[in-house]
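Colleague: Handing you a structure now.
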Amino acid sequence: MKLTPRLEAVANLVSNNAKIADIGTDHGYIPVYLIKKNKIKCAIAADVNEGPLNNAKKEIASNNLKNKIELRLGSGLSVLKVGEVDEVVIAGMGGVLISQLIENELKIAKQLDRMILQPMQASAELRKYLHKNKFVIEEEILVKEDFRIYEIMVVKYDGREIPQQDEIYYEIGKGLLENKGCLVLEFIDKKIKEYSKIIEKIEGKQGEKIELKIYECRNKIQKLEELKDYVR
Ligand SMILES: C[S@@+](CC[C@H](N)C(=O)[O-])C[C@H]1O[C@@H](n2cnc3c(N)ncnc32)[C@H](O)[C@@H]1O
1374 MKLTPRLEAV ANLVSNNAKI ADIGTDHGYI PVYLIKKNKI KCAIAADVNE
1424 GPLNNAKKEI ASNNLKNKIE LRLGSGLSVL KVGEVDEVVI AGMGGVLISQ
1474 LIENELKIAK QLDRMILQPM QASAELRKYL HKNKFVIEEE ILVKEDFRIY
1524 EIMVVKYDGR EIPQQDEIYY EIGKGLLENK GCLVLEFIDK KIKEYSKIIE
1574 KIEGKQGEKI ELKIYECRNK IQKLEELKDY VR
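Just so we're aligned, residue 1374 is where the sequence shown starts under the numbering used here, counting upward by one.
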């Protein structure tokens, strides 16, 4: 079974022999792949929608894994009992939704050995939520699929107050900078382009809000350029 680079990178972050739940499983590829690779023995595949859960059901049946993967219908971590699994995967959802799913079942989330999170957007909001709620990002990687760069975080509840940090580290996680992986510079450049485009669009228009937005974007660009110097 061949996974896409994004899903493969997510799956590879699951620990050997961990009891896992794949939340928002849809096609069920991650648990099926991990069991077929003998990395884990069993899994829970959950989704809030019946259609996607049926996709997973078909995938599981066609791989003869009905006795190894349990399907559960429901929202986020609410399908789990405290301590039932070691690790949770939440991939392919927005960062705000992911943080809501954690917040809705904090007791369960805090007990997990790790959560592997892959936000499709709003990763800065997710990092901010995790930081505020004393979850530590233990590892962060980037993976490129077609033209898009995805962020993947390995997260664990720590419980200790995490020192304040510059807002820019919510956009570019410190773990990404420490890795100095080859995609980091490309990723930072993409962000710089996004902020430059915003400036281009609104420059010349009048108003306090516009001026503030331009100031914020320029400030972010400057900080991102500094991060590039650090990575190089
Ligand atoms: C874009 S798919 C991602 C599928 C797969 N995890 C991946 O990364 O390729 C998002 C899935 O999350 C499910 N989903 C959305 N909100 C959810 C929630 N509150 N709880 C569980 N699943 C949810 C959707 O039904 C959908 O199947």
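We put the beta carbon where it would ideally sit given N, CA and C, even for glycine. What you are looking at is a predicted structure, and each value in this text was computed from that prediction instead of being measured.
Which stretch, first to last residue, makes up the alpha helix (DSSP H) that contains F1560?
Modeller: Here the alpha helix (DSSP H) through F1560 covers C1555 to I1575.
Colleague: For a test of your reading of the model: does the CB of A1391 fall under 7 Å from any non-hydrogen atom of ligand 1? Yes or no.
Modeller: Outside the cutoff, so no.
Colleague: Which residue marks the beginning of the alpha helix (DSSP H) containing E1498, and which one marks its end?
Modeller: Here the alpha helix (DSSP H) through E1498 covers S1496 to K1505.
Colleague: Nearest by alpha-carbon distance to Y1402: which of E1576, L1474 and L1426 is it?
Modeller: Out of E1576, L1474 and L1426, L1426 has the C-alpha closest to the C-alpha of Y1402.
Colleague: Check the C-beta distance from L1597 over to K1564 and give it rounded, since I have them as a contact under 8 Å.
Modeller: Indeed they touch by this definition, with Cβ atoms about 6 Å apart.
Colleague: How many Å lie between I1561 and N1385 at the Cα?
Modeller: Between I1561 and N1385, the C-alpha separation is close to 24 Å.
Colleague: Count the C-beta pairs between the stretch 1374-1385 and the stretch 1504-1524 that are closer than 8 Å, then say yes if the count reaches three, no if not.
Modeller: Segments in contact, yes.
Colleague: Going along the chain, which residues of its own chain have a beta-carbon closer than 6 Å to the beta-carbon of M1526, five neighbours each way excluded?
Modeller: Cβ within range, chain order: L1490, I1510 and E1513.
Colleague: For L1446 and A1416, I'd like the C-alpha separation in whole angstroms.
Modeller: The alpha-carbon atoms of L1446 and A1416 are separated by roughly 14 Å.
Colleague: Rounded to whole angstroms, how far is the Cβ of R1487 from the Cβ of V1528, which I believe are closer than 8 Å?
Modeller: Between V1528 and R1487 the Cβ distance is about 7 Å, and since that is below 8 Å, they are a contact.
Colleague: Can you have a look at M1374 and say buried or exposed, based on whether 16 or more other CB atoms are within 10 angstroms of its CB?
Modeller: The residue in question, M1374, is exposed, as its Cβ has fewer than 16 Cβ neighbours within 10 Å.
Colleague: Between L1479 and I1594, what straight-line distance do the alpha-carbon atoms span, to the nearest angstrom?
Modeller: Approximately 35 Å between the Cα atoms of the pair.
Colleague: Residues bridged to Q1538 by DSSP?
Modeller: Q1538 is not bridged to any residue.
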